[in-house]
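Heads up: the protein sequence lines correspond to chains V and D, in order.
Oh and the first sequence: position 247 is 249 in my numbering, straight run, nothing missing.
Oh and the second sequence: position 20 is 24 in my numbering, straight run, nothing missing.
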Amino acid sequence: LLGGEFARDRKWPWQVSLHYSGFHICGGSILSAYWVLSAAHCFDRGKKLETYDIYVGITNLEKANRHTQWFEIYQVIIHPTFQMYHPIGGDVALVQLKSAIVFSDFVLPICLPPSDLYLINLSCWTTGWGMISPQGETGNELLEAQLPLIPRFQCQLLYGLSSYLLPEMLCAADIKTMKNVCEGDSGSPLVCKQNQTWLQIGIVSWGRGCAQPLYPGVFANVSYFLSWIRYHLQIIPNPPQILPSLSSSPKNTLIIFVTIMGHLLVL
Amino acid sequence: VSRRHPKSQANSLSGDVACGQPVLQGK
């Protein structure tokens, strides 16, 4: 995030860090115990799912603490229109974890917005571990920034003919103070407060550079994908859990028998 | 385990935990 400030523990408990080969590459948000919402472009075709790690309950990427939980990915569901009508259109991914998140004051889910949410006069914030300068500097601390929403027609005027904005996209940036999302913030949530509850209205998706005030950050509009998100979370069962148990296979029984006999002989 | 009050959020997908309500609220 450019122009962001340090975020305190417990302020954004749904924030997720997505790592690949041990390095932070994207953000995400917790929807439920098994599901994380992120951006589709964080999951390139060439990348292996086994190489991803997901961290929750963390603000400093170098300091996991007693509230930090680590997860492996069971499956990723990419929106069917990803890159279909736009180079970064349909930029939504549902990530199912192999095991369940344990909720606490430091780890909580975000709400989805109602489909008819009126976006005027909302206080909206974004968070992330993305680059903190256009030169590519990175930081380990989670940053936060309040970003005004920019009407889509106005955002389209700013981007001009070079980048077309789909109806499923929304824009936000603080042009006066140069606050904007940057590389590494992708997948992180844009959340707005309504009636004492935070709702996720956007997913960090793309933009032209980070420090050019005339090019706001572009987000996937969560309201546009609501039915797709709800459908998958309802129909997909939790992943099978591997429970520790005593095996009754003949081979293991034999091993146990031989071990007991060995102990008896020693005695 | 969270001490949050459940079942208050129509838009929650998380079942028994209230969504969007951090313990630490910004001013």
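Note that CB positions come from ideal geometry on N, CA and C, so glycine has one too.
Because the structure is a prediction, the values reported are computed rather than measured.
Sheet register partners of residue i (DSSP bridge)
| i | result |
| --- | --- |
| Met171 of chain V | V:Ala222 |
| Ile32 of chain V | V:Val38 |
| Ala147 of chain V | V:Thr128 |
| Leu110 of chain V | DSSP output for Leu110 of chain V lists no bridge partner at all. |
| Thr140 of chain V | In the DSSP output, where bridge partners are listed per residue, Thr140 of chain V has none listed. |
| Ala95 of chain V | V:Ser40 and V:Ile80 |
| Ser164 of chain V | Partner(s): none; Ser164 of chain V has no beta bridge. |
Other residues of its chain near residue i: CB distance less than 6 Å, five sequence neighbours each side excluded
| i | result |
| --- | --- |
| Asp93 of chain V | Ala41, Ala42, His43, Ser207 and Ala222 |
| Gly141 of chain V | Ile134 |
| Asp118 of chain V | none |
| Leu216 of chain V | Leu160 |
Residues near residue i in its chain [Cβ-Cβ closer than 7 Å; skip 5 each side]
| i | result |
| --- | --- |
| Gly132 of chain V | Leu3, Val183, Cys184, Glu185, Gly186 and Asp187 |
| Arg7 of chain D | Because the pLDDT at Arg7 of chain D is just 35, under 50, the model does not fix this residue reliably, and the point stays unresolved. |
N- and C-terminal bounds of the beta strand (DSSP E) containing residue i
| i | result |
| --- | --- |
| Tyr87 of chain V | Careful: Tyr87 of chain V lies outside any beta strand (DSSP E) and carries neither H nor E. |
| Gln25 of chain D | Here Gln25 of chain D belongs to no beta strand (DSSP E), and DSSP marks it neither H nor E. |
| Asp55 of chain V | Tyr54 to Val58 |
| Ser207 of chain V | Thr199 to Trp208 |
| His69 of chain V | Here His69 of chain V belongs to no beta strand (DSSP E), and DSSP marks it neither H nor E. |
| Lys195 of chain V | Pro191 to Gln196 |
Contacts around residue i, its chain only, beta-carbon distance under 8 Å, and the 5 residues preceding and following it disregarded
| i | result |
| --- | --- |
| Tyr166 of chain V | His88 and Gln158 |
| Ser125 of chain V | Gln148, Cys194 and Lys195 |
| Ile231 of chain V | Leu33, Leu39, Val94, Leu96, Leu114 and Val224 |
| Glu7 of chain V | Leu145, Glu146 and Ala147 |
Host alpha helix (DSSP H) of residue i (start-end)
| i | result |
| --- | --- |
| Val105 of chain V | According to the sequence as given, residue 105 of chain V is Phe; it is not Val. Premise fails: Phe105 of chain V is in no alpha helix (DSSP H) and is neither H nor E. |
| Ile231 of chain V | Leu228 to Ile237 |
| Phe45 of chain V | Segment: none, Phe45 of chain V is in no alpha helix (DSSP H) and carries neither H nor E. |
| Cys157 of chain V | Arg154 to Tyr161 |
Exercise. For the region 13-39 of chain V, which residues have a CB atom closer than 9 Å to at least one CB atom of chain D, in sequence order?
Worked result: Lys13, Trp14, Pro15, Trp16, Ile32, Leu33, Ser34, Ala35 and Trp37
For this session: Check each residue of the region 107-135 of chain V: if its Cβ is closer than 9 Å to any Cβ of chain D, include it; give the result in chain order.
Result: Asp107, Phe108, Val109, Leu110, Pro111, Ile112, Cys113, Leu114, Pro115, Pro116 and Trp127
Problem set entry | Residues in the region 138-165 of chain V having any Cβ partner in chain D nearer than 7 Å | none
Exercise. For the region 198-225 of chain V, which residues have a CB atom closer than 9 Å to at least one CB atom of chain D, in sequence order?
Worked result: Gln198, Thr199, Trp200, Leu201 and Gln202
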